[in-house]
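K.L.:
Take this structure first; my questions come after.
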């Protein structure tokens, strides 16, 4: 008996000091917007942590994104990007389902990337032992596109972004990627012994920025409410049209500049809509009802019995339709509890991983 107790004590001590376990690593989710800089570093971090990467449109709430996160049933969600990029409504959804989360962000994409690197350095220091940091101007799509190509073949490369006012970087930089657009900015940062990789504005890069600008403009149109929004979007449309003409005539530099300006205007409209005052309680309940309905559809498609949750959801809808807001909130909570029980009754999807060691641990 004494030997059994001694062995049990040893096992407790050993497992308490082991690196993060397979279970601890496999059920992390990373939520990030499709902002090219945030997404680039999030993709690499998701590989390092073996985490599920979930992408939301920049500055826009999509209930289907929340459904994907909640259905995955993570122990932790790492949100990369500020509340303008990844809107706060996602946090409210996570809170309502009792899902832990942390948000890593700064005032710009440059500061956000630094926050992410600091997080990894603190909580998972061994993951960066063989890393190579490549510096890129955070708004230079041509250089970021080249960086992503390099990262596909070299898994040790981690991006570090710089801004127009940057004078230094907090890590040792192995290489710097520059284009005509960013060369003067990167010259201000004295990166000794760093390899310089030059890129030129290509037809493919311009085509990508035109597509991104068009997508952003369409999103902004779907959100625009005021006459000022409409005026700004009309200006963005004119710029994008001029950019397309420049692209067709082979003037890629001009096309890039015009498309970037059009996209920036559209992002201002999106950001303005996303930061408006809190929605009325009835509208918030309606959004929660839609989220719950989508989540139940997903569970049902997998063969789960959600009849009890459906019952409470219908009661919540009827209560809201008849102005009984308090009852609607009660039934909504009952429906949510029923769905939680279904989700937490199963384990997260298995993602085979090796075990990395664990330490102690805005604007577009």
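Numbering (full-length UniProt numbering), first residue to last: 1 to 364. Backbone N, C-alpha and C define an ideal beta-carbon position, used for all residues, glycine too. On a predicted model such as this, the values are computed, not experimentally measured, just so you know.
1) I'd like the list of long-range same chain contacts for residue 174, defined as Cβ closer than 7 Å, with 5 residues on each side in sequence excluded.
2) Let me know the secondary structure DSSP gives residue 182 once reduced to three states.
3) Could you tell me the distance, in whole angstroms, from the CA atom of residue 148 to the CA atom of residue 166?
4) Does the separation of the CB atoms of residue 142 and residue 205 fall below 7 Å?
5) Count the other CB atoms within 10 Å of the CB of residue 305; is the residue buried (16 or more) or exposed (fewer)?
6) Are the CB atoms of residue 329 and residue 313 nearer to each other than 7 Å?
7) Quick check: is any heavy atom of the ligand SAM less than 6 Å from the C-beta of residue 162?
8) Can the beta-carbon of residue 309 be found closer than 7 Å to that of residue 271?
9) What separation, rounded to the nearest whole angstrom, lies between the Cα atoms of residue 365 and residue 138?
10) Can you check whether the CB of residue 256 is closer than 7 Å to the CB of residue 201?
11) Can you tell which of 163, 280 and 214 has its C-alpha closest to the C-alpha of residue 261?
12) How many angstroms separate the CA atom of residue 345 from the CA atom of residue 75?
13) Give a yes or no on whether the C-beta atoms belonging to residue 61 and residue 87 are separated by under 7 Å.
14) Write down every uninterrupted run of the alpha helix (DSSP H) in the segment 269-343 whose length is 4 residues or greater and which is fully enclosed by it, in chain order.
15) So within the segment 164-248, which uninterrupted beta strand (DSSP E) runs reach at least 3 residues, ignoring any that extend past its ends?
P.N.:
With the structure as the only source:
1) Translated into the one-based positions of the chain shown, residue 174 becomes position 174. Cβ within range, chain order: 132, 133, 134, 194 and 195.
2) On the chain shown, residue 182 is found 182 positions in, with the first residue counted as 1. Residue 182 carries a coil assignment under DSSP once its states are collapsed to helix, strand and coil.
3) Position 148 of the chain shown, counted from the start, is the residue given in the question as residue 148. Position 166 of the chain shown, counted from the start, is the residue given in the question as residue 166. When the Cα atoms are used, residue 148 and residue 166 turn out to be separated by approximately 22 Å.
4) Taking the chain shown and counting its residues from 1, one reaches residue 142 at position 142. Taking the chain shown and counting its residues from 1, one reaches residue 205 at position 205. Closer than 7 Å, so yes.
5) The residue you call residue 305 lines up with position 305 of the chain shown. Under a 10 Å Cβ-count criterion, residue 305 is classified as exposed, with fewer than 16 other Cβ atoms of the shown protein chains found around its own Cβ.
6) Looking up residue 329 in the chain shown gives position 329. Looking up residue 313 in the chain shown gives position 313. No, the pair does not count as a contact, with Cβ atoms beyond the cut-off.
7) With respect to small molecules bound, the structure shown includes none, and the ligand SAM cannot be examined in it.
8) Looking up residue 309 in the chain shown gives position 309. Looking up residue 271 in the chain shown gives position 271. No. Outside cutoff.
9) Since the first residue of the chain shown is 1 and the last is 364, residue 365 is not available in this structure.
10) Counting from 1 along the chain shown, the entry for residue 201 is found at position 201. Counting from 1 along the chain shown, the entry for residue 256 is found at position 256. Yes, Cβ-Cβ distance for residue 201 and residue 256 is below 7 Å.
11) Along the chain shown, read from residue 1 onward, the residue named residue 261 stands at position 261. It is 214 whose Cα lies nearest to the Cα of residue 261.
12) Your numbering for residue 345 matches position 345 in the chain shown. Your numbering for residue 75 matches position 75 in the chain shown. Looking at the two C-alpha atoms, the distance is approximately 14 Å.
13) To locate residue 61, count along the chain shown from 1; it is residue 61. To locate residue 87, count along the chain shown from 1; it is residue 87. Residue 61 is a Cβ neighbour of residue 87, given a cutoff of 7 Å.
14) For the segment 269-343, whole alpha helix (DSSP H) runs of length 4 or above, ordered along the chain, are 281-301 and 307-321.
15) Annotation: the segment 164-248 contains the following complete segments of the beta strand (DSSP E) (minimum length 3 residues), in chain order: 173-178 and 195-198.
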